[in-house]
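The next block holds one structure in the form of structure tokens; read it before the comments.
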Amino acid sequence: MSTNPATPPQSVSRQPDRRQFVKTSTAILAGGAVATSPLTVARGAHNSVKETLRIGLIGCGGRGTAAVVNACMADKDVRVTALADAFPDRIASCLEGLQMQEEAVTRALEVTKENQFTGVNCHEALINSGVDVVLLCSPPYFRPAQMEAAAAAGKHIFCEKPIAVDAPGVRRVLKASELCREKGLSLVSGLCWRYDLGVNATMERIKGGDIGEVRAIESNYVTGELWHRGNNPEWSKIEYQLRNWLYFAWLSGDIPAEQHIHTLDKALWVMGDTPPVRCWGTGGRQKRTNAMYGNTYDHFATVFEWENGVKCFSHCRQMNNCFNENECHVYGTTGKARILRNEIEAPGKNWRFSEKGPGMYDVEHIELFKSIREGKPINNGDYMCKSTLMAIMAREASYTGKEIEWEKMWNDETVLGPTEIQLESGDYDAGPVPVPGLA
Ligand SMILES: NC(=O)c1ccc[n+]([C@@H]2O[C@H](COP(=O)([O-])OP(=O)(O)OC[C@H]3O[C@@H](n4cnc5c(N)ncnc54)[C@H](O)[C@@H]3O)[C@@H](O)[C@H]2O)c1
1 MSTNPATPPQ SVSRQPDRRQ FVKTSTAILA GGAVATSPLT VARGAHNSVK ETLRIGLIGC
61 GGRGTAAVVN ACMADKDVRV TALADAFPDR IASCLEGLQM QEEAVTRALE VTKENQFTGV
121 NCHEALINSG VDVVLLCSPP YFRPAQMEAA AAAGKHIFCE KPIAVDAPGV RRVLKASELC
181 REKGLSLVSG LCWRYDLGVN ATMERIKGGD IGEVRAIESN YVTGELWHRG NNPEWSKIEY
241 QLRNWLYFAW LSGDIPAEQH IHTLDKALWV MGDTPPVRCW GTGGRQKRTN AMYGNTYDHF
301 ATVFEWENGV KCFSHCRQMN NCFNENECHV YGTTGKARIL RNEIEAPGKN WRFSEKGPGM
361 YDVEHIELFK SIREGKPINN GDYMCKSTLM AIMAREASYT GKEIEWEKMW NDETVLGPTE
421 IQLESGDYDA GPVPVPGLA
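In this note's numbering, the protein residues as written are 1 to 439.
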């Protein structure tokens with residue numbers, strides 16, 4: 001078995017079926033249950049599915065809280081039984097947020113005090129608390145250890161992007177996702193646009209030849225500044241980093257991994273999930289120069305090249321008062337597509353998506369729970385690992401100013417972050433802001 005996603009995997013990750021999304025969504029909108037009857041359904045090598053599925057959330061921040069809502073809306077018979085976060089105040093605010101949601105969410109909440117777990121290794125106790133499904137929504141640095149533990153314990157997984165911050169982390173996650181496949185567990189990635197109806201429809205047209213042969217891609221995620229959570233004299237230095245994880249490359253993977261991955265993943269998808277062979281890039285920080293912003297950049301530009309000569313020109317930036325665009329433009333021999341706009345522009349093939357359906361964040365959970373109920377596991381491990389490595393390659397090419405080959409990046413042994421985290425008193429030297437040509 002090859003662990004290098006450059007080699008096409010034997011089992012290709014299941015793409016969501018657009019028509020099925022629409023069918024399921026109609027049932028949901030009509031108030032029907034996604035859960036099928038009879039409620040005990042055989043699912044291959046794994047145990048039978050229980051009537052009530054218990055959900056545990058790891059990482060109780062903005063996305064995690066929203067993912068719990070999506071999960072509760074996706075399946076009638078779920079209970080949220082456990083929450084885990086490095087910090088107790090985050091669990092409290094998550095619970096508070098969930099209690100303000102509609103009844104489908106509040107009636108599913110059954111989190112006792114004993115099932116609230118804190119600390120950097122909180123995932124271990126949560127996974128052992130009797131949950132069936134785990135939602136992995138902490139900062140990306142922790143994802144490989146959490147994925148390994150969840151897969152080993154036989155849990156179905158929803159896994160936010162990116163799945164790691166370095167190549168060894170990507171390899172660990174790929175292995176854990178293979179274990180999910182062997183165990184018949186569902187693994188759904190938070191690369192949410194893979195579950196968007198309009199994006200899927202546009203992708204179908206591109207793959208169907210509506211713009212001819214793909215020649216080039218322009219993949220942009222240029223947007224405004226994100227949150228910063230300030231400092232508190234009671235926090236240790238490491239706690240400051242964890243609280244403001246976006247700005248430390250070892251925790252977030254920097255913008256290409258933390259945010260730009262969404263548009264890089266679309267380029268990978270256009271290219272049939274075949275990874276690029278090389279990339280080069282540039283970047284730096286012009287506005288977020290204060291030390292409070294750790295060691296991350298505020299802008300990157302990267303050029304990826306595939307074996308067949310197709311290039312992807314990509315940009316990401318987080319700065320206020322500038323031009324914004326989250327879009328993946330695809331240029332073909334006979335036309336062009338704007339994937340997020342769900343639009344094809346080509347002689348005789350002009351088209352724009354106009355169907356109505358549930359949003360992508362709902363669909364990813366609808367598909368996850370349906371796959372568990374029907375015993376047809378989804379496994380998004382392949383593409384989530386490849387697009388994370390693409391993002392890491394973009395970051396490293398820009399930090400160093402060097403061209404990087406996919407194979408070299410895949411085999412890289414650099415591990416970011418400390419081996420142990422002491423939350424109460426700890427510190428970690430995250431390193432300087434990298435300077436291209438010197439890094
Ligand atoms: N798919 C999307 O559209 C989307 C949108 C936003 C965020 N995300 C992703 O979701 C993840 C979370 O982002 P967020 O915006 O919710 O951030 P957040 O900071 O609001 O939440 C992260 C939570 O994880 C907690 N945490 C830190 N270390 C932990 C550990 N060791 N174990 C458990 N919890 C820990 C933090 O205290 C925090 O409460 C990130 O990977 C991010 O990239 C995805």
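Positions of the beta carbon are idealized from the N, C-alpha and C atoms, including for glycine.
Other residues of its chain near residue i: CB distance less than 8 Å, five sequence neighbours each side excluded
i: residue 311; result: 216, 217, 303, 304, 305
i: residue 286; result: 298, 299, 319
i: residue 70; result: 361, 362, 364, 365
i: residue 324; result: 222, 223, 224
i: residue 397; result: 279, 280, 281, 302, 403, 404
i: residue 128; result: 153
i: residue 83; result: 56, 57, 60, 91, 94, 95, 111, 115, 116, 117, 126
From the options, residue whose alpha carbon lies closest to that of residue i
i: residue 245; options: 364, 422, 296; result: 296
i: residue 76; options: 116, 105, 177, 158; result: 105
i: residue 248; options: 141, 208, 283, 339; result: 141
i: residue 442; options: 186, 63, 72; result: Only positions 1 to 439 of the chain appear in the structure, and residue 442 is not among them; the question remains open.
i: residue 294; options: 283, 176, 429; result: 429
i: residue 119; options: 439, 433, 376, 423; result: 423
i: residue 416; options: 426, 438, 435, 392; result: 392
i: residue 167; options: 114, 232, 192, 407; result: 407
i: residue 202; options: 267, 252, 126, 97; result: 267
i: residue 370; options: 394, 156, 228; result: 156
i: residue 377; options: 250, 435, 158; result: 158
i: residue 419; options: 410, 238, 195, 115; result: 238
i: residue 235; options: 277, 83, 87; result: 87
i: residue 256; options: 204, 228, 209, 315; result: 315
i: residue 149; options: 175, 139, 161, 109; result: 175
i: residue 231; options: 292, 80, 426, 59; result: 292
i: residue 57; options: 263, 134, 94; result: 134
i: residue 308; options: 349, 289, 271; result: 271
i: residue 51; options: 189, 122, 241, 132; result: 132
i: residue 317; options: 354, 143, 101, 226; result: 226
i: residue 380; options: 341, 177, 99, 63; result: 177
i: residue 68; options: 190, 242, 349; result: 190
Residues of its chain near residue i, where Cβ-Cβ distance is below 7 Å and the 5 sequence neighbours each way are ignored
i: residue 211; result: 330, 332, 334, 335, 336, 337, 344, 346
i: residue 431; result: 295
i: residue 35; result: At residue 35, the pLDDT of 30 sits below 50, so the modelled position is not reliable and the matter cannot be decided from this model.
i: residue 240; result: 231
As assigned by DSSP and simplified to three states, the class of residue i
i: residue 89; result: helix
i: residue 287; result: coil
i: residue 274; result: coil
i: residue 179; result: helix
i: residue 39; result: For residue 39, the predicted structure reports a pLDDT of 23, less than 50, and the residue's modelled location is therefore unreliable. A value from the coordinates is still provided. Residue 39: coil per DSSP, three-state reduction.
i: residue 15; result: With a pLDDT of 41 at residue 15, under the threshold of 50, the predicted position of this residue should be treated as unreliable, though the coordinate-derived value follows. In the structure shown, residue 15 sits in coil (DSSP, three-state: anything other than H, G, I, E or B).
i: residue 55; result: strand
i: residue 123; result: helix
i: residue 366; result: helix
i: residue 261; result: helix
i: residue 331; result: strand
i: residue 295; result: coil
i: residue 378; result: coil
i: residue 350; result: coil
i: residue 245; result: helix
i: residue 338; result: strand
i: residue 325; result: strand
i: residue 373; result: helix
i: residue 216; result: strand
i: residue 32; result: Bear in mind that a pLDDT of 34 at residue 32, under 50, signals an unreliable position, so the number given afterwards is only what the model happens to contain. It is coil, neither helix nor strand.
i: residue 255; result: helix
i: residue 96; result: helix
i: residue 344; result: strand
i: residue 358; result: coil
i: residue 229; result: coil
i: residue 198; result: helix
i: residue 206; result: helix
i: residue 398; result: helix
i: residue 144; result: helix
i: residue 269; result: helix
Residues bridged to residue i [DSSP beta-bridge criterion]
i: residue 318; result: 223
i: residue 156; result: 133
i: residue 116; result: 83
i: residue 189; result: 159
i: residue 50; result: BP columns for residue 50 are empty, so no partner.
i: residue 301; result: 282, 315
i: residue 440; result: The structure shown does not extend to residue 440, since the chain spans only 1 to 439, so no value can be given for it.
i: residue 404; result: 279
Own chain partners of residue i with C-beta closer than 6 Å, once the 5 adjacent residues on each side are dropped
i: residue 170; result: 164, 385, 388, 389
i: residue 258; result: 252
i: residue 97; result: 65
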